[in-house]
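The opening residue of the sequence shown carries number 164 in our numbering; numbering runs sequentially from there. Ideal Cβ positions, reconstructed from N, Cα and C, are used throughout, including at glycine.
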Amino acid sequence: MRPQPIPFDNSYQRLPEQFYHRQSPAPVPAPSALLVNDALAQQLGIDLDWLQSEEGLAVLAGNAIAPGSQAIATVYAGHQFGHYNPQLGDGRALLLGEVVDRHGQRRDIQLKGSGRTPYSRGGDGKSPLGPVIREYLISEAMHRMRVPTTRALAAVASGEQVFREQGGLPGGILCRIASSHIRVGTVQYFAAQGDHEALKTLLDHVVQRHFPHCRDSAAPYEALFAAVLTGQAELIARWQALGFIHGVMNTDNMLLCGETIDYGPCAFMEDYHPGTVFSSIDQQGRYAYGNQPAIAQWNLLQLAQAMLPLLQGDGEADLKPAVERVQTVLNQFPEHYISAYRRRMADKLGLDDCSDADEQLYRDFLDLLQEQHCDFTLSFRKLYDLANQALPINQRGEAIDSLFEFPDAFAPWLQRWQQRLSEDNQNAEQRAAQMRQANPVFMPRNHLVEAAISAAYQGDMSVFTDLNTVLETPFDYRQQLAHYASPASEEEQVRATFCGT
Ligand code: AMP
Ligand code: MG
164 MRPQPIPFDN SYQRLPEQFY HRQSPAPVPA PSALLVNDAL AQQLGIDLDW LQSEEGLAVL
224 AGNAIAPGSQ AIATVYAGHQ FGHYNPQLGD GRALLLGEVV DRHGQRRDIQ LKGSGRTPYS
284 RGGDGKSPLG PVIREYLISE AMHRMRVPTT RALAAVASGE QVFREQGGLP GGILCRIASS
344 HIRVGTVQYF AAQGDHEALK TLLDHVVQRH FPHCRDSAAP YEALFAAVLT GQAELIARWQ
404 ALGFIHGVMN TDNMLLCGET IDYGPCAFME DYHPGTVFSS IDQQGRYAYG NQPAIAQWNL
464 LQLAQAMLPL LQGDGEADLK PAVERVQTVL NQFPEHYISA YRRRMADKLG LDDCSDADEQ
524 LYRDFLDLLQ EQHCDFTLSF RKLYDLANQA LPINQRGEAI DSLFEFPDAF APWLQRWQQR
584 LSEDNQNAEQ RAAQMRQANP VFMPRNHLVE AAISAAYQGD MSVFTDLNTV LETPFDYRQQ
644 LAHYASPASE EEQVRATFCG T
């Protein structure tokens, strides 16, 4: 018998029926593949020839069910902008199943934009092409920039129009890969139902799948909470270090596995300012750049609350001791976050370690960026260029000289930084390597992503695919690609982003 082209091994579908609804994707009239991620397909053990065939395309478009796939819409709840919504769920997405990848890691395969489900509420379950392209570009770029994230396996045009405020737009479907799609909101759903058995089943599944070391702990669920918390601290530190603004940090958009999910109204900051917000639906600036660490902690508090029934120890008469224990873990979030963020900043500045005095050094740098309205990405990359000059000429990476020069106001700071480098334990070569990988030069800047989407709506997919190719090597500057590294001009500025789905 021919092996399955996608070697499905579905574990979430083996959980009780109240975890999901079995649902087939809605067929689409004329699918065409815009981009298929061959390298990722290979990692997942998917038959590439099949994936690129008509049959593979039909599966990516939702027109056929691959052997072994069991499509489901999963249920979850969540706090959206601080307000609890007891019933969300996959309203425009379907989990096709899971595979165990070449590294032995279990991965979800999901279609996004594949039609209505019982959780669609008023929505059509579809997506215009724009958000599909956006998620493909940004999630893959995040991966290349070493941020834990869901991945994009394929972007497909459906050949039908979907209707939004702007009128009809060409539709699209994204095939998304995640270590799992289990969210803080998934835990909240069963907690709010008062279904402790389901809650336990879910958390046991999460432990087994993502944090097997917690099984050996005397208090496995508390260990699980601590593991999720440190994962989030690490994740948000990585976002901050790249100027990434998620835009909708609702609890249904926070995965327990610690990967970034849902590239809706997200954007990268250009001029540094902690108050930066792009999302058109974030009127209050709840999810502004500088608020992201505190919001992550708020979301973790919601998770702790939802997990409480299972945190109560045998023989404890009430929840009070459990609340105190979990509060202690929660209170450690700032410490974990700051230590992760300091490591990232040390990498960006080329330091072997980040002491309290070094913290002042990067804070002062950020203050200067803010006062001088400097581009976050290019300013840090310029520091790499300066450090790089200490290397013999044949070992230097190409500098971005023509793109960015520090204003005079930076002179005293640059001197302090040079002084600090002279006291550091690393040699010039180590430092350049460290800084290079921490300071990307090619980013999915908002205006570039918007240009790719506009061109796609005009039928030209090359802007999307070319940009994706550039973003595959975010740390390698090439002068002929300089326009991809530049901040938006006045006319190109993107001031607001939309969920768009
Ligand atoms: P988000 O935070 O944007 O991921 O979406 C929040 C909720 O709205 C989720 O339950 C989604 O499945 C649902 N949703 C968003 N867009 C649509 C749509 N076009 N059709 C149906 N449900 C949707
Ligand atoms: Mg979501």
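Can you list, in chain order, the residues of its chain whose CB lies under 6 angstroms from that of residue i, leaving out five sequence neighbours each side?
{"i": "W213", "result": "P168, G219"}
{"i": "T540", "result": "M606"}
{"i": "S542", "result": "L532"}
{"i": "Y683", "result": "There is simply no residue 683 to check, as the chain begins at 164 and stops at 664 in what is shown."}
{"i": "V295", "result": "A318, G335, L337"}
{"i": "H184", "result": "A236, P281"}
{"i": "A304", "result": "P607, L634"}
At a cut-off of 7 angstroms, is residue i close to ligand 4 when judged by its beta-carbon and the heavy atoms of the ligand?
{"i": "D445", "result": "The model depicted lacks ligand 4 and carries ligand 1 and ligand 2 instead."}
Alpha carbons only, please: which of the options is nearest the one belonging to residue i?
{"i": "Y525", "options": "I340, R507, R559", "result": "R507"}
{"i": "V325", "options": "V350, G278, A361", "result": "G278"}
{"i": "G622", "options": "A430, E635, P188, G334", "result": "G334"}
{"i": "A142", "options": "L197, L584, T628", "result": "For residue 142 there is no data in the structure shown, the boundaries of the chain being 164 and 664."}
{"i": "Q176", "options": "G231, V370, I563, T393", "result": "G231"}
{"i": "D445", "options": "K511, G410, L259, Y547", "result": "G410"}
{"i": "S342", "options": "M305, I296, D271", "result": "D271"}
{"i": "G406", "options": "N609, R346, G560, A572", "result": "N609"}
{"i": "C420", "options": "Y426, R309, A390", "result": "A390"}
{"i": "Y647", "options": "E654, A614, F661, Y620", "result": "A614"}
{"i": "E498", "options": "Y183, Q395, R544, D172", "result": "Q395"}
{"i": "V310", "options": "N462, G476, T423, A234", "result": "T423"}
{"i": "G245", "options": "G357, L463, D434", "result": "L463"}
{"i": "H344", "options": "N588, T313, R583, D548", "result": "T313"}
{"i": "A204", "options": "V263, Q250, P190", "result": "V263"}
{"i": "S443", "options": "Q186, V657, S321", "result": "V657"}
{"i": "C517", "options": "E653, D210, R583, Y352", "result": "R583"}
Can you give me the Cβ contacts of residue i inside the same chain, cut-off strictly under 8 angstroms, excluding the 5 residues immediately before and after it?
{"i": "T644", "result": "Going by the sequence as given, residue 644 is Leu instead of Thr. So the qualifying residues of the chain are F605, V633."}
{"i": "Q403", "result": "Y452, Q455, P456, Y504, R507"}
{"i": "A221", "result": "P194, A227"}
{"i": "S174", "result": "E261, R269, H368, R372"}
{"i": "P291", "result": "V325, R327, L332, P333, G334, G335, G663, T664"}
{"i": "P179", "result": "A361, T364"}
{"i": "Y620", "result": "L292, G293, L332, P333"}
Using a Cβ-based criterion (distance less than 7 angstroms to any ligand heavy atom), does residue i qualify as near ligand 1?
{"i": "L644", "result": "no"}
{"i": "S283", "result": "yes"}
{"i": "D515", "result": "no"}
{"i": "A189", "result": "no"}
{"i": "R346", "result": "no"}
{"i": "V238", "result": "no"}
{"i": "G245", "result": "no"}
{"i": "R297", "result": "no"}
{"i": "R255", "result": "yes"}
{"i": "D287", "result": "yes"}
{"i": "L251", "result": "yes"}
{"i": "V350", "result": "no"}
{"i": "G330", "result": "no"}
{"i": "G668", "result": "There is no way to answer for residue 668, as the model of the chain reaches only from 164 to 664."}
{"i": "N413", "result": "yes"}
Is any heavy atom of ligand 2 found at a distance shorter than 7 angstroms from the C-beta of residue i?
{"i": "N462", "result": "no"}
Roughly how many angstroms separate the alpha carbons of residue i and residue j, rounded to a whole number?
{"i": "P281", "j": "G254", "result": "7 angstroms"}
{"i": "Q535", "j": "F388", "result": "41 angstroms"}
{"i": "M598", "j": "A354", "result": "44 angstroms"}
{"i": "D515", "j": "A550", "result": "14 angstroms"}
{"i": "L207", "j": "A520", "result": "45 angstroms"}
{"i": "A671", "j": "L366", "result": "This structure cannot settle anything about residue 671, because the visible part of the chain is limited to 164 through 664."}
{"i": "A659", "j": "C429", "result": "10 angstroms"}
{"i": "D629", "j": "P603", "result": "18 angstroms"}
{"i": "A240", "j": "D415", "result": "7 angstroms"}
{"i": "P575", "j": "L512", "result": "16 angstroms"}
{"i": "G285", "j": "E568", "result": "51 angstroms"}
{"i": "Q243", "j": "Q578", "result": "46 angstroms"}
{"i": "R641", "j": "E561", "result": "7 angstroms"}
{"i": "A509", "j": "R544", "result": "14 angstroms"}
Can you list, in chain order, the residues of its chain with a C-beta nearer than 7 angstroms to that of residue i? Leave out the 5 residues immediately preceding and following it.
{"i": "A467", "result": "F388, V489, L493"}
{"i": "E635", "result": "R307"}
{"i": "V370", "result": "C377, R378, P383, L387"}
{"i": "T439", "result": "I408, M432, A451, Y452"}
{"i": "S502", "result": "none"}
{"i": "A400", "result": "Y500, A503, Y504, R507"}
{"i": "N248", "result": "A240, G241"}
{"i": "D425", "result": "V411, N416"}
Measuring only between beta-carbons, confirm whether residue i sits less than 8 angstroms from chain C.
{"i": "G276", "result": "Absent here is chain C; the protein component of the structure consists of one chain."}
Exercise. In chain order, what are the residues with a CB under 5 angstroms from some non-hydrogen atom of ligand 2?
Worked result: That gives N416, D425.
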